[in-house]
Amino acid sequence: MALAIRETLAFLMITMLFQVSSATVYKVGGSAGWTLPILRNVDYSKWASNKPFHVGDVVVFSYNKLFHNVEQVTQKNYQACNATFPIVSYNTGNDSITLEKVGHKYFICGVPGHCQVGQKVDINVTPLAPVPAPTTI
Ligand SMILES: *[C@@H]1O[C@H](CO)[C@@H](O)[C@H](O)[C@H]1NC(C)=O
Ligand SMILES: *[C@@H]1O[C@H](CO)[C@@H](O)[C@H](O)[C@H]1NC(C)=O
Ligand SMILES: [Cu+2]
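To convert, take the position in the sequence shown, counting from 1, and add 2; that gives our numbering.
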């Protein structure tokens, strides 16, 4: 009996591990990547709107670093396209950013003029559906 309970517990723990590690990687803008929307006919708000971003998922910004960058900014500076004091700056051209908490994460391109023509994205990280409680132990 004790053994059966121990096995059940081990099974539950393994199941939980798999649930935690099932992160999704999203390439921002899909095949267009991170660029001036008009060049690749990409709409970043549309792209983001149907994605179920969750904690642990990763967004990848892929771009030519000679022409663009990525700045995480506040909501206010996102709306104003103000990249003067970003929260975090990225400029490798292939930046993987892990979504570590629920809520909005606002990104703009800091190159003058780019955010104004739509090179900006609001990543809304939503809670995972609650894991059903085990009923058998
Ligand atoms: C941009 O944002 C910073 C603070 O994040 C602020 O000090 C600055 O005045 C803003 N610039 C403009 C043009 O609004
Ligand atoms: C960009 O980063 C992702 C995730 O880290 C990686 O899978 C991919 O191979 C990288 N691409 C390039 C072109 O370096
Ligand atoms: Cu840009």
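The beta carbon of each residue, even a glycine, is placed where N, CA and C say it ideally should be. Since we're looking at a predicted model, the values are computed, not measured.
What's the C-alpha gap between P129 and L68?
Rounded to the nearest angstrom, the two C-alpha atoms are 36 Å apart.
If I follow the unbroken alpha helix (DSSP H) through Q149, where does it start and stop?
There is simply no residue 149 to check, as the chain begins at 3 and stops at 139 in what is shown.
How far does the alpha helix (DSSP H) with K48 in it extend, from its first residue to its last?
Note, K48: alpha helix (DSSP H), 46-51.
Is the beta carbon of A50 within less than 7 Å of some heavy atom of ligand 1?
No - ligand 1 has no heavy atom lying nearer than 7 Å to the Cβ of A50.
Helix, strand or coil: how does DSSP classify S98 here?
Strand.
In its own chain, which residues sit with a C-beta less than 8 Å from the C-beta of Q118, not counting the 5 before and 5 after it?
The residues are C83.
Ignore the nearest five residues each way along the sequence and tell me which others in W36's own chain have a CB closer than 8 Å to its CB.
The answer, listed in chain order, is V30, F63, S64, Y65, H70, V72, C111, Q121.
If you compare alpha carbons, which of K78, D124, K103 is closest to D45?
The shortest C-alpha separation from D45 is found at D124.
In the structure shown, what three-state DSSP assignment does S33 receive?
DSSP places S33 in helix when its eight states are reduced to three.
Using a 10 Å radius around the Cβ and a threshold of 16 neighbouring Cβ atoms, would you call I99 buried or exposed?
That one is buried.
If you run the structure through DSSP and keep just helix, strand and coil, what is N84?
In the structure shown, N84 sits in coil (DSSP, three-state: anything other than H, G, I, E or B).
May I have the straight-line CA-CA distance separating R42 from P88, to the nearest angstrom?
In a straight line, the C-alpha of R42 is about 26 Å away from that of P88.
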